[in-house]
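Participant: Protein chains in written order, with the numbering used here: chain A, 1077 to 1517; chain B, 1077 to 1517.
Ideal Cβ placement from N, Cα and C applies to all residues, glycine included.
Have a look at this one before I ask anything.
Protein chains: 2
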Amino acid sequence: MYSHEIEIILSNKKIRPGDRIKISKGNIVFEGILMPRPDIGDNSILVIKLDNGYNIGIRYTANTRINKINAARSKFAFPQAEVKSNASLPNVALVSTGGTIESRVDYATGGVYMLVKPEELLYEVPELSTIANISISAPMSIASEDMTYKGWQTIASEVANAFDKGARGVVITHGTDTMHYTSSILSFMLQKLPGPVVITGAQRSGDRGSSDAFMNLICSMRMAAKGEVGEVGICMHGSMSDTFCDFIRGTKARKMHTSRRDAFKSISKKPIARISTDGKIEYISEFTKPSNGKLELRTGYEPKVALIKFYPNSDPAIIDYYVSKEYKGIIIEGTGLGHVAIAPKPKEYSWLSHVKSAVDSGLIVGVTSQCIYGRVNSSVYRNLRLLSGAGAIHCEDMLPETALVKLGFLLGNYTKTEAEKMLNKNLVGEITSRTETDLLI
Amino acid sequence: MYSHEIEIILSNKKIRPGDRIKISKGNIVFEGILMPRPDIGDNSILVIKLDNGYNIGIRYTANTRINKINAARSKFAFPQAEVKSNASLPNVALVSTGGTIESRVDYATGGVYMLVKPEELLYEVPELSTIANISISAPMSIASEDMTYKGWQTIASEVANAFDKGARGVVITHGTDTMHYTSSILSFMLQKLPGPVVITGAQRSGDRGSSDAFMNLICSMRMAAKGEVGEVGICMHGSMSDTFCDFIRGTKARKMHTSRRDAFKSISKKPIARISTDGKIEYISEFTKPSNGKLELRTGYEPKVALIKFYPNSDPAIIDYYVSKEYKGIIIEGTGLGHVAIAPKPKEYSWLSHVKSAVDSGLIVGVTSQCIYGRVNSSVYRNLRLLSGAGAIHCEDMLPETALVKLGFLLGNYTKTEAEKMLNKNLVGEITSRTETDLLI
């Protein structure tokens, strides 16, 4: 709700959120859609959405005048695009799962709703049909924070199915929040890929002036249609401007900003390729070529794996909790090179005996770093060697999120003994070889 | 252990780790200290530490020759520096707490041990005595992963005491792993500072050729001796080269790399200042000036606050666990703009009712983002509004680690009602005003 004073004026003029209004303050005039007041913040500030997609806040003062121009539009209703076939173009499957890329702002509430039909994307971005013959499936339409391993299994099977039916590449549209968890698990579930699997989305919905949806879709479609890569990767804006997208290895990608369009970064490794808006694909780091053999699909997943972040004063009994809940594995996000408290005062905060007890109970315990960038080590400091001695496995330069889903994948498809051996060995590029300070001849 | 073949040669030649040896392979000759073999890795590779401080691995093959030069040196024993007084220089207190900056490699084990006496630092960096009159205290000597709130309270009191005794600035040496947790809590515990509190450390110990210890100490001492800042900050390498250090606001700093010397980054805000090796201090973003009034010391801390990271398939019952353990507050590291699962399938993974139940039980629940960069929001998407409706407080652009220690600080010094109001209001620069996309006139 706006302030009582503003609400009275709006009520008198029959203005409601969603209506197009004009606000003047002396000589300055703004025109746009009145947005509902966010729950938090100064309620004497009117918020309108300008035609360029940006929101602007205007403080209501004695010289502020408000006038209605039009009543609220109803929800968008895009006509469905016809999907035309063109035999001269490569076949690409578009697997739609939901997220902001398929959403639009609902001017009646100021919130965002799902488009539902992925065909509407083709209507909005007709250029896609000039890049590939596109077949569309929509196994789900969800916000990505609601994604679970059941969704991962469905998407993996859908992708395998698309390659079976002759696709040379696949584009998956997905919410950005957990996109890197999905890109990571698909990298393990789908091995020996005959072509690229390109996951994309949008940080800002398509009806905003600054939306990244269209460029991300076009670059992703180009990568799927002609990229010579046999990996799962994320393709999103590579900079704050609209000049290129990066294609980042699925196990090395991470969402590093809540709102910027170039939120996804390739961690401790360069992106695989850079895709320009003019269609050029520049390969900038090593990657796996498409496989000539049969795609290997493994959809097993053990959801009883936990990711625990260590921090000062953190309760080590949380490990016992997961043991009591019959978890099969734990990934610890340690500090620095992979540390947890070993000899703190008070000593009740020491993690050592709890880790040992979890390992003795049969759980696999992996260690990663909350630094995000860099590599953990099991031997530089005494505390690291003690943790390693308790049976914890330091996971090299694997991201915590990647280590988590890899552990769930391993426990879902292999024996515990195999999983234990494979956790810190490279399978699909999630672990890279040593660099910089330690030379090897 | 090295391979059996290597161990036999070493045994025959009476060579032990720590000894200085010469290794030749054909025409190539290396000389250095034999390091013990790390637990993990190829055991047919000999590792020696070169005189430049770097380790090098040399694969043992048929043409490899090994010869002993000297037996291992014993541990370093630095003479203690005399602390000379110079009335023309500003008074700076050096509070030593431990960490790599006070450590040296133990050539007998390949591990790292603590120097113990901070006076040894002055012996190694005599330049420090030309910058300030230094008084030293060493309330603890620990690895920073072993730091707890008891240590924070001790350090805060030590700093307040130093200012009382006439220091114009304070330098704290600290392990890097949890340095940003300490810088954050000290920013809250020590308000209205009469001068800078500069936390520093080292990513590589002082006996390595690439050590950052000395330059970090010198830049920190310069900031403490002449910086016109009334804030707690971290002063460490600002780039991969030895050209400048950054002074980063304590509540906005984060260790972002496991091993690089420029591991600490200022998140979603520029560093406060850049300190060149020539002593120049360049202020590059807004900050708080030294206070003329009395320093406000509040050392209360409620350790029953938890940081929980949300991820796909994560068990929401973890919230109930902390409620049952009588925790007083929880900070959630959500995805993106501050999301948790609301309507997942299977629905047992939904966090909504658990968050509501925690709030109803009297806990304060804050929401931050695991993206690290950017700001959370409570209103863009329906799932966010539902989470907010359940009583969770979105914490603006506060880092998860900062939100955690701020909540412990608030609950340790104020009533619950006050703490709830203060959590997402700026106290010491931990929350900055809106930028970029949302203009405000």
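For a quick check, are the C-beta atoms of Gly1518 of chain B and Ala1163 of chain B less than 8 Å apart?
Facilitator: Past the edges of chain B, shown from 1077 to 1517, lies residue 1518 of chain B, and the structure says nothing about it.
Participant: Does the count of Cβ pairs from the stretch 1405-1415 of chain A and the stretch 1361-1369 of chain A closer than 8 Å reach three?
Facilitator: no
Participant: Quick one: list the residues of chain B neighbouring His1415 of chain A, beta-carbon separation under 7 Å, in chain order.
Facilitator: Indexing the first sequence from 1 puts residue 1415 of chain A at position 339. By Cβ distance, chain B contributes Glu1221, Asp1253.
Participant: So, using beta-carbon positions, are Val1504 of chain B and His1470 of chain B closer together than 8 Å?
Facilitator: The count along the second sequence starts at 1 and reaches residue 1504 of chain B at position 428. The count along the second sequence starts at 1 and reaches residue 1470 of chain B at position 394. No.
Participant: When the Cα atoms are used, what is the spatial distance from Val1399 of chain A to Ala1434 of chain A?
Facilitator: One-based indexing of the first sequence puts residue 1399 of chain A at position 323. One-based indexing of the first sequence puts residue 1434 of chain A at position 358. Their backbone Cα atoms lie some 6 Å apart in a straight line.
Participant: Which residue's Cα is closest to the Cα of Thr1491 of chain B: B:Ser1352, B:Asp1338, B:Tyr1377?
Facilitator: Indexing the second sequence from 1 puts residue 1491 of chain B at position 415. The shortest C-alpha separation from Thr1491 of chain B is found at B:Tyr1377.
Participant: Would you mind reading off the limits of the beta strand (DSSP E) that contains Gly1108 of chain A?
Facilitator: As a working note, residue 1108 of chain A is residue 32 in the first sequence. Note, Gly1108 of chain A: beta strand (DSSP E), 1104-1110.
Participant: I need the DSSP call for Ser1079 of chain A, collapsed to helix, strand or coil.
Facilitator: Counting from 1 along the first sequence, the entry for residue 1079 of chain A is found at position 3. Of the three classes helix, strand and coil, the one that applies to Ser1079 of chain A here is coil, per DSSP.
Participant: Please state whether the Cβ-Cβ distance between Ile1207 of chain B and Arg1092 of chain B is less than 8 Å.
Facilitator: Counting from 1 along the second sequence, the entry for residue 1207 of chain B is found at position 131. Counting from 1 along the second sequence, the entry for residue 1092 of chain B is found at position 16. No, Cβ-Cβ distance for Ile1207 of chain B and Arg1092 of chain B is not below 8 Å.
Participant: First and last residue of the alpha helix (DSSP H) that includes Leu1197 of chain B?
Facilitator: As a first step, residue 1197 of chain B is located in the second sequence; it is residue number 121 there, counting from the start. Element bounds for Leu1197 of chain B: 1195-1200.
Participant: Using the three-state DSSP reduction, which class does Leu1126 of chain A fall into: helix, strand or coil?
Facilitator: The residue you call residue 1126 of chain A lines up with position 50 of the first sequence. Of the three classes helix, strand and coil, the one that applies to Leu1126 of chain A here is coil, per DSSP.
Participant: Check whether the Cβ atoms of Leu1165 of chain B and Ile1212 of chain B sit closer than 8 Å, and answer yes or no.
Facilitator: Counting from one through the second sequence, the residue named residue 1165 of chain B turns up at place 89. Counting from one through the second sequence, the residue named residue 1212 of chain B turns up at place 136. No, these two residues do not count as a Cβ contact at 8 Å.
Participant: When the Cα of Ile1261 of chain B is compared with those of B:Asn1500, B:Thr1493, B:Ala1495, B:Thr1478, which residue comes out closest?
Facilitator: The residue you call residue 1261 of chain B lines up with position 185 of the second sequence. Per the Cα distances, B:Thr1478.
Participant: What is the DSSP secondary structure of Gly1488 of chain A, counted as helix, strand or coil?
Facilitator: By one-based count along the first sequence, residue 1488 of chain A stands at place 412. Helix, per DSSP.
Participant: Just list the residues that DSSP pairs Tyr1136 of chain B with in beta bridges.
Facilitator: Within the second sequence, the letter at position 60 stands for residue 1136 of chain B. Tyr1136 of chain B pairs with nothing; no bridge assigned.
Participant: Note down the Cα distance separating Gln1229 of chain A from Val1416 of chain B, rounded to an integer number of angstroms.
Facilitator: Here residue 1229 of chain A refers to the residue found at position 153 of the first sequence. Here residue 1416 of chain B refers to the residue found at position 340 of the second sequence. Computed Cα separation, rounded: 20 Å.
Participant: From the DSSP output, which residues share a beta bridge with Asp1288 of chain A?
Facilitator: Within the first sequence, residue 1288 of chain A is the residue found at index 212, counting from 1. Its beta-bridge partners do not exist; DSSP assigns none.
Participant: Beta carbon of Glu1506 of chain B, beta carbon of Thr1327 of chain B: below 8 Å?
Facilitator: Along the second sequence, read from residue 1 onward, the residue named residue 1506 of chain B stands at position 430. Along the second sequence, read from residue 1 onward, the residue named residue 1327 of chain B stands at position 251. Yes, they are a contact pair.
Participant: Any Cβ of chain A within less than 8 Å of the Cβ of Glu1477 of chain B?
Facilitator: Position 401 of the second sequence holds residue 1477 of chain B. Glu1477 of chain B counts as touching chain A.
Participant: Using a Cβ-Cβ distance under 8 Å, would Met1332 of chain A count as near chain B?
Facilitator: The residue given as residue 1332 of chain A occupies position 256 in the first sequence. So yes, Met1332 of chain A belongs to the interface.
Participant: Please decide whether Ala1419 of chain A counts as near chain E, where near means a Cβ-Cβ distance under 8 Å.
Facilitator: No chain E is part of this structure, whose protein chains are labelled A and B.
Participant: Return the CA-CA distance between Ser1263 of chain B and Glu1307 of chain B, expressed in angstroms with no decimal places.
Facilitator: Your numbering for residue 1263 of chain B matches position 187 in the second sequence. Your numbering for residue 1307 of chain B matches position 231 in the second sequence. About 7 Å.
Participant: List the residues that DSSP assigns as beta-bridge partners of Met1312 of chain A.
Facilitator: In the first sequence, the residue the question calls residue 1312 of chain A occupies position 236. As DSSP reads the structure, Met1312 of chain A sits in a beta bridge with A:Asp1322.
Participant: Using beta-carbon positions only, say whether Pro1392 of chain B and Trp1427 of chain B come within less than 8 Å of one another.
Facilitator: In the second sequence, counting from the first residue as 1, residue 1392 of chain B sits at position 316. In the second sequence, counting from the first residue as 1, residue 1427 of chain B sits at position 351. Yes, these two residues count as a Cβ contact at 8 Å.
Participant: Measure the Cβ-Cβ separation of Leu1413 of chain B and Val1441 of chain B and say whether it is below 8 Å.
Facilitator: Here residue 1413 of chain B refers to the residue found at position 337 when the second sequence is read from its first residue. Here residue 1441 of chain B refers to the residue found at position 365 when the second sequence is read from its first residue. No. Outside cutoff.
Participant: By how many angstroms is the C-alpha of Gly1175 of chain B removed from the C-alpha of Phe1152 of chain B?
Facilitator: As a first step, residue 1152 of chain B is located in the second sequence; it is residue number 76 there, counting from the start. As a first step, residue 1175 of chain B is located in the second sequence; it is residue number 99 there, counting from the start. Low local confidence applies: a pLDDT of 38 at Phe1152 of chain B is under 50, so the model's placement there is unreliable, with the coordinate-based value given in what follows. Near 17 Å, if we compare the C-alpha coordinates of Gly1175 of chain B and Phe1152 of chain B.
Participant: Would you mind reading off the limits of the alpha helix (DSSP H) that contains Ile1348 of chain A?
Facilitator: In the first sequence, residue 1348 of chain A corresponds to position 272, counting from 1. Segment: none, Ile1348 of chain A is in no alpha helix (DSSP H) and carries neither H nor E.
Participant: Please name the residue, chosen from B:Lys1345, B:Asp1283, B:Ala1466, B:Phe1320, that lies closest to Glu1358 of chain B on a Cα-to-Cα basis.
Facilitator: Sequence index remark: in the second sequence, residue 1358 of chain B carries index 282 (1-based). Closest option to Glu1358 of chain B, Cα to Cα, is B:Phe1320.
Participant: Note down, in chain order, each residue of its chain lying with its Cβ closer than 6 Å to the Cβ of Ile1218 of chain A, except the 5 sequence neighbours on either side.
Facilitator: For the purposes of this step, residue 1218 of chain A is identified with residue 142 of the first sequence, where counting begins at 1. Hits under 6 Å: Gly1174.
Participant: Please look up how many angstroms separate the CB atoms of Glu1221 of chain B and Thr1258 of chain B, rounded, as I've assumed it's under 8 Å.
Facilitator: Indexing the second sequence from 1 puts residue 1221 of chain B at position 145. Indexing the second sequence from 1 puts residue 1258 of chain B at position 182. Contact doesn't hold; Cβ gap of about 12 Å is too wide.
Participant: Ignore the nearest five residues each way along the sequence and tell me which others in Asn1453 of chain A's own chain have a CB closer than 8 Å to its CB.
Facilitator: Your numbering for residue 1453 of chain A matches position 377 in the first sequence. These residues qualify, in order along the chain: Leu1413, Gly1414, Leu1460, His1470.
Participant: For the stretch 1315-1342 of chain A, enumerate the residues whose C-beta is nearer than 8 Å to any C-beta of chain B, in chain order.
Facilitator: Lys1331, Met1332, His1333, Thr1334, Ser1335, Arg1336, Ala1339
Participant: So the beta strand (DSSP E) Tyr1359 of chain B belongs to, where does it begin and stop?
Facilitator: Along the second sequence, read from residue 1 onward, the residue named residue 1359 of chain B stands at position 283. Element bounds for Tyr1359 of chain B: 1357-1359.
Participant: Considering only the beta carbon of each residue, do Thr1249 of chain B and Thr1276 of chain B sit closer than 8 Å?
Facilitator: One-based indexing of the second sequence puts residue 1249 of chain B at position 173. One-based indexing of the second sequence puts residue 1276 of chain B at position 200. Contact: yes.
Participant: Determine the DSSP secondary structure at Gln1279 of chain B, reduced to helix, strand or coil.
Facilitator: Locating residue 1279 of chain B in the second sequence gives position 203, where the first residue counts as 1. Coil, per DSSP.
Participant: Are the C-beta of Gly1450 of chain A and some C-beta of chain B separated by less than 8 Å?
Facilitator: Within the first sequence, numbered from 1, the residue matching residue 1450 of chain A stands at position 374. Output row for Gly1450 of chain A: interface = yes.
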